[in-house]
DNA sequence: TTGTCGGCCGTCGGCCGACAA
DNA sequence: TTGTCGGCCGACGGCCGACAA
C-alpha cells in the first residue's frame, strides 16, 4: 500500500505507516454506522458542555484501570465546562479500525456564555445510513473453510441486483472501508436451497481485519451508488493498550490538568471521544444540557425510558424508575449533573444497563407542556449562581421553544 | 492459551486477554537482552534522579508528536527530582512483546536527600546474558518458503550439541519467550554445504510474532540449561498508538502534573520506561548523577567518547568533541542538566547520533585524578543552592570514592 | 559461510451442494 | 432461511540440495 495515496488496492494487509496526521476526513456515513445509532457528534461552531468526570470514565474504561487515589484536586475545575467547539474530526484507528472523534474545545468565560443562541446550535441528528445491513459473524463466516453467508433480504436491499439470466448468478462487488481502501468480493447466488454468498476475497478481508466470530461487519449502499464496508469488533476485554507509554494515573491527571488549565486560561484543548469504548458521551450540545437540566421536571419514583443499542445495530427503549437524585461522586465531583440520577430497570436482564444515568439521557414519562420551568427540580444544590447567566439565555430560547428545540439523538 | 497458567503451549497465536495486572516478574535475563546492552535499571530501594524533561521526550517519541504549546507551567517542578525508588517491574507488551519497565518513585524532601548513602545505592551492572546470539532476520528467514538459517558459530555455542552419528543430525528445540510461552522448533544440520537450520515450527513463530525482514530474534542459553527466545522489532516509524485514548498534549500535561503533584506532596507516582522507544534513560541512580555533575570536569573543546548499541546487539564507542554547554530548552527547562552538553561527532555517519547529550552519558578523555572537585565546571548556573544538601552527601561519598563508585552501564 | 532459488510433495484453503436447525 | 458439514481440487506452505555471493 503506497503511503501517500488515500485510495489503494485493499488486498494485501497494509503494513505501511499512516501518512502522518493529515488524514483526510473519513466518510461520515461509515463513521456513524460504525459508531452506532445512538452516537452523535455536536456541530462545529456551537457551544457544548464538557464533563471531565465522563472523560475520566472513558479513560478508565480504555485503560482498564480505575483511578486509585493520588490524584490532585483541581479546585478550579468545575464538573461541567461550557465550551466553544472549534473542531470535530472523525478518525479510525489504523490498526483496529476502531472509530473515534477528536474535538477541540475552548472554555468560555461567563460573558461569552451569555451570548445569544444561533439556530445552528441545536445540533443535528446523526445521519445513520438508510440503506445498509449489519451482521454478526458466525463461526462459519470466519472459518477458513468457507465464505460469508449474506442474509437474503440484506443482499437484495443493499447489494446491486444480480443478473439472474446467468447460471449461477454472480458478480464482483467492490467495497471501500473506512480508510478508503478497496476490497473486492465475489458475490454469488447458489446452493440448494439458493443463498447469497461472498466467496473469493472474503478470507483475506477476514484475516486482514483480524475478524473473529462475534465481530460484526456492515455494508452500506449510499446515495452515490457506492458500497461501503465497516467493521465492529466485539467488545472484547480491553487490550490494555496504554501500558508502556504513560501510567493510567498520569493519564487521569493529564486530562484533568489539561481541562483545568484550559479553563483557567480560556485556551483550547483537545480530547478524544471513543464511542465504542464508553458509550456515554461526555461532550454534549449546550442546548441539550439546558433543556434537560432546566426544562425537565424529574422526581424520585418517576418512570422514564432510555434508548439503547441492540446487537443488530438498531435501537431499543428500556423502561425504568428513578430511585434517587444525588451526586455520583460526592467527594471528587460534588454538585455534578453527570450521572446524577440513580435508576432501577424494569427487566431482569438489566445487568448490562448502568445504575446511574444523566438527565439528558432519559425521557421522563409525563405529558408535560413545553414551557420553561423557572426553577428546576433540584433546589438543594447551591451552584445555580454559577450558571445564572444561562437563565437569561434560556428565556431567549423559550421563545422559539417547542418548534426548534430538537436535540441530538 | 489458557488465561490463568503462566506457562502454556506456544503454538497457536494467543488471542486471550492477559491475566489482569498480576503478571509475574518476567525473566530478567531475557528482558535485558531484549532491551539491549546499554539499558540498565536502577536498584529498588535506592535513590534516583528523575527528569520530567526526559520523560516528556519519551512520550513525544511514543506518540510521534512534539509538544506544541498550550502546556501549563509547573513552577514548582524542578528539572530533576531526587526520588526514592520503591519498585521496578519488568514488562513486555502482550501484543508486540515490546519490553518496558514500570517504576514507582517518591520525591524526597531535602532532609531525606541528605541521608547517608548505603553501599547498595551504587547500582548494579545490568546482567547481559553471557551465552546468546542475536540475528537480524533476512528475507529468506521470514519468507513462507523456507525456515531459519542459524549462523554456524551461534548454533554451536548456544544450542545443545547435535548427535552427529545421525544422518542428518537433528533435534527438537524448546524455547520460552518473554511471556514464558513455549515454542518448538526442528533444528537440523543439512544441505550442501552443511548448515544449521530451524524448520518445522519456525513459520508459526514468525507469523505469531508478526516478524518481518529486518526484525531480530535472540536465543539465550542460560545457566539453568534453558533456551530463551526474544524478539526485537526493527524501529519502525511509530505505530501512533496512543490516539483514541488521550491527546498527546494531555499526556504531556499528565506526566508533568503527576510529577509536580508528587513533588509537592512527597507522594509516590508511577512511570513507564520504554528502552526501545527512546534509548535515553530519564531515571538514573543518584550516585551516577552526582559523580557526573559534581566529580567530572568538562569544558568546551574537550574530547569524549560515548557508548552506542550496534545492529548486532553489541556495543561500540563513538568519539566526539564538546562544542557547547548550555540549556537544551532554556524556556521550559532552564538550568537543567538534561542534555546540557552540545557535541560534535567525529564520524561522518554521525547523523543518527544525538546533537546533545547529558553529562552522565559521556566519558571525557582526560586522565583526571579521582578527587572531589569542590565546585563543578558550570558556575554560570545559579541553582547550586538548591542542591546544596547534596554537597554534604558528596563529601561522604568521596571517602569511599574510587573504590566503590561504580555506576550502572 | 549463508542468502536465495528451483524442484518437489503434501497439507489445507476455499468452492461446492447436502442436510438440518 | 441460513449455519455447519463432507467432498473435492488446486494453490501454496514448507523441506530439500544447488549454486553463488
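Residue numbers (the UniProt record's numbering), protein chains in the order written: chain A, 1 to 409; chain B, 1 to 409.
Backbone N, C-alpha and C define an ideal beta-carbon position, used for all residues, glycine too.
Predicted, not measured: the structure shown is a model, and the values here were computed from it.
Does residue 87 of chain B come out as helix, strand or coil in the three-state DSSP assignment?
In this structure, residue 87 of chain B counts as strand in the three-state DSSP scheme.
The beta strand (DSSP E) that contains residue 308 of chain B, what's its start and end?
From DSSP, the beta strand (DSSP E) with residue 308 of chain B extends over 303 to 309.
DSSP has residue 106 of chain A in a bridge; who is on the other side?
DSSP lists A/84 as partners of residue 106 of chain A.
Please report how far the alpha carbon of residue 149 of chain A lies from the alpha carbon of residue 228 of chain A, in whole angstroms.
Whole-angstrom Cα-Cα distance: 18 Å.
Assign residue 150 of chain A to one of three DSSP states: helix, strand, or coil.
The answer is strand: DSSP assigns residue 150 of chain A an E or B state.
Apart from the five residues on each side of it in sequence, which residues of its chain come closer than 6 Å, Cβ to Cβ, to residue 302 of chain B?
Within the same chain, residue 302 of chain B has close Cβ partners 322, 364.
Does the beta carbon of residue 98 of chain A come closer than 8 Å to any beta carbon on chain B?
So yes, residue 98 of chain A belongs to the interface.
Are the beta-carbon atoms belonging to residue 255 of chain B and residue 78 of chain B less than 8 Å from one another?
It is not a contact, given that the beta carbons lie outside the stated cut-off.
How about residue 280 of chain A and residue 54 of chain A: are their beta carbons less than 8 Å apart?
Against a cut-off of 8 Å, the Cβ pair of residue 54 of chain A and residue 280 of chain A comes out as a contact.
Tell me where the alpha helix (DSSP H) around residue 289 of chain B begins and ends.
286 to 294 is the span of the alpha helix (DSSP H), which, as asked, contains residue 289 of chain B.
For the candidate residues B/130, B/214, B/330, B/335, whose alpha-carbon lies nearest to that of residue 233 of chain B?
For residue 233 of chain B, the nearest C-alpha among the options comes from B/214.
If distances are taken between C-alpha atoms only, which option among B/210, B/226, B/165, B/143 comes closest to residue 182 of chain B?
Comparing Cα positions, the closest option is B/226.
Rounded to the nearest angstrom, what separates residue 395 of chain A and residue 172 of chain A at their Cα positions?
Low confidence applies to residue 395 of chain A: its pLDDT is 36, below 50, so where it sits in the model is not reliable, and the reading given next is rough at best. Rounded to whole angstroms, residue 395 of chain A to residue 172 of chain A spans 58 Å at the Cα level.
Runs of 4 residues minimum, wholly inside the segment 160 to 210 of chain B: which ones carry the alpha helix (DSSP H) assignment?
Runs found: 202 to 208.
Apart from the five residues just before and just after residue 200 of chain A, which ones in its own chain have a Cβ nearer than 6 Å to its Cβ?
Answer for residue 200 of chain A: 186, listed in chain order.
In three-state DSSP terms, what is residue 377 of chain B?
Below a pLDDT of 50, predicted positions are generally treated as unreliable, and residue 377 of chain B, at 43, falls in that range; the measurement from the model is reported next regardless. Of the three classes helix, strand and coil, the one that applies to residue 377 of chain B here is coil, per DSSP.
For the alpha helix (DSSP H) that contains residue 324 of chain A, what are its first and last residues?
It is not in any alpha helix (DSSP H) - residue 324 of chain A instead sits in the beta strand (DSSP E) that spans 315 to 325.
So that I know if they touch, is there some Cβ in chain A lying closer than 8 Å to that of residue 244 of chain B?
Chain A contact via Cβ: present.
Any residues in the segment 270 to 297 of chain B with a beta carbon nearer than 7 Å to a beta carbon of chain A? Which ones, in chain order?
Answer set for the segment 270 to 297 of chain B: 270, 271, 272, 274.
For residue 95 of chain A and residue 89 of chain A, I'd like the C-alpha separation in whole angstroms.
So the alpha carbons of these two residues sit roughly 18 Å apart.
Could you tell me whether the Cβ of residue 231 of chain A comes closer than 8 Å to any Cβ of chain B?
False, the Cβ-Cβ gap to chain B never drops below 8 Å.
Name the chain B residues that come within less than 8 Å of residue 203 of chain A, Cβ to Cβ?
Neighbours of residue 203 of chain A on chain B: none; closest Cβ ~15 Å, over 8 Å.
For residue 255 of chain B, go through chain A and note every residue whose CB falls closer than 9 Å to its CB, in chain order.
Per Cβ cutoff of 9 Å: 246, 247, 250, 253, 254.
Compile a chain-ordered list of the residues in the segment 71 to 90 of chain A whose CB is closer than 7 Å to at least one CB of chain B.
Of all residues in the segment 71 to 90 of chain A, 72 have a Cβ within less than 7 Å of some Cβ in chain B.
Is it true that the CB of residue 85 of chain B sits closer than 8 Å to the CB of residue 44 of chain B?
Result yes, Cβ atoms of residue 44 of chain B and residue 85 of chain B sit closer than 8 Å.
Among the residues of its own chain, which have a CB less than 7 Å from the CB of residue 338 of chain A, if the five just before and after it don't count?
If we look at residue 338 of chain A and ignore the five residues flanking it on each side, its Cβ neighbours are 51, 53, 54, 79, 328, 358.
Mapping DSSP to helix, strand and coil, what is residue 221 of chain B?
Of the three classes helix, strand and coil, the one that applies to residue 221 of chain B here is strand, per DSSP.
Listing by chain order, which chain B residues have their CB less than 7 Å from the CB of residue 179 of chain A?
Those do not exist, as residue 179 of chain A stays about 14 Å from chain B at its closest Cβ, beyond 7 Å.
Opposite residue 356 of chain B in the DSSP bridges: which residues?
Per DSSP, B/342.
Taking only the alpha-carbon atoms, compute the straight-line gap between residue 178 of chain B and residue 230 of chain B and give it to the nearest angstrom.
Looking at the two C-alpha atoms, the distance is approximately 6 Å.
In whole angstroms, what is the alpha-carbon distance linking residue 342 of chain B and residue 324 of chain B?
Roughly 5 Å between the two C-alpha positions.
Might you give, ordered along the chain, the residues of its own chain that have their beta carbon closer than 7 Å to the beta carbon of residue 331 of chain B, omitting 5 neighbours on each side?
Hits under 7 Å: none found.
Here's the rule: buried if 16 or more other CB atoms are within 10 angstroms of the residue's CB, otherwise exposed. What is residue 133 of chain B?
So residue 133 of chain B ends up on the buried side.
Between the segment 320 to 340 of chain A and chain B, which residues of the former have a C-beta closer than 8 Å to a C-beta of the latter?
Listed in sequence order: no entries.
So, does the segment 291 to 302 of chain A touch the segment 268 to 275 of chain B, judging by three or more C-beta pairs under 8 Å?
The segment 291 to 302 of chain A vs the segment 268 to 275 of chain B: no contact.
Based on the DSSP output, what are the partners of residue 49 of chain A in its beta bridges?
A/82, A/284, per the DSSP bridge assignment.
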